[in-house]
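S.K.: In terms of the UniProt record's numbering, the sequence shown opens at residue 1 and continues consecutively.
We treat Cβ as the ideally placed atom computed from N, Cα and C, and that holds for glycine.
Note that this is a predicted model, so its numbers are computed, not measured.
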Amino acid sequence: MKDTASAGNTVVDLATARENYLAEQEKDYPNVSVKFRYAQALTRDEKAENKSRGVGLLIDMLDEHGINKIECLFTLSTTYFELGDHAKCRQYCERLLRIDPTHEKALNLHRCVKDTLSKDSAIGIGLAAGAVVALGIALKFLLKNKN
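#1: Please state the DSSP three-state secondary structure of threonine 102.
#2: In angstroms, rounded to a whole number, what distance separates the CA positions of tyrosine 21 and cysteine 112?
#3: Got a sec, what are the start and stop residues for the alpha helix (DSSP H) tyrosine 29 sits in?
#4: How would you call alanine 41, buried or exposed, if buried means at least 16 neighbouring beta carbons within 10 angstroms?
#5: Measuring CB to CB, does phenylalanine 36 end up less than 8 angstroms from methionine 61?
#6: For isoleucine 67, which residues in the same chain have their Cβ closer than 7 angstroms to its Cβ, ignoring the five residues on either side in sequence?
#7: Taking 6 angstroms as the limit between beta carbons, can you name the residues of its chain near alanine 17, skipping five residues before and five after?
#8: Are the Cβ atoms of phenylalanine 74 and lysine 105 separated by less than 8 angstroms?
#9: Using a 10 Å radius around the Cβ and a threshold of 16 neighbouring Cβ atoms, would you call arginine 44 buried or exposed?
#10: Using alpha carbons as the reference points, say which of Glu71, Asp115, Thr102 and Glu46 lies closest to arginine 90.
#11: Going straight from the alpha carbon of proline 30 to that of glutamate 19, what length do you get?
#12: Would you kindly report the start and end of the unbroken alpha helix (DSSP H) that includes glutamate 82?
#13: Helix, strand or coil for aspartate 60 per DSSP?
#14: Please classify histidine 65: does DSSP put it in a helix, a strand, or coil?
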């Protein structure tokens with residue numbers, strides 16, 4: 001399967017995006033949009049290591065002039081969600097929503113990740129409570145057998 005990522009209305013091949021990015025880096029003033037397209041192509045790849053590499057590029061770009069910060073933050077949010085890092089997904093969603101509180105996709109993703117984190121927290125509490133009960137029963141059994 002060919003690694004591709006959509007950028008606007010066109011499909012960007014990961015290899016092509018990488019070639020363009022590397023060529024752009026040799027210039028005195030590299031075009032930040034080429035770097036952004038490469039980062040997006042990486043984040044849309046199936047491989048987790050490529051997604052992580054894309055995340056690194058996007059984080060580096062957040063403070064660069066000429067970048068669409070909202071699109072960058074949303075791409076970070078969705079990529080962290082896909083990688084299973086829901087806490088960072090939520091962090092970048094909230095950062096985006098401070099800039100644009102009406103961003104519909106970010107609002108939906110934020111709701112989704114909050115629900116996921118709440119469920120994970122409830123499961124964690126249930127597991128901890130179960131472990132405490134099991135420990136209590138084992139301790140009671142040991143003390144009873146000791147006497």
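M.R.: Per the coordinate set shown:
#1: coil
#2: 33 angstroms
#3: It is not in any alpha helix (DSSP H) - tyrosine 29 carries neither H nor E in the DSSP assignment.
#4: buried
#5: yes
#6: Val32, Phe36 and Met61
#7: Arg37, Tyr38 and Ala41
#8: yes
#9: buried
#10: Asp115
#11: 13 angstroms
#12: 69-83
#13: helix
#14: coil
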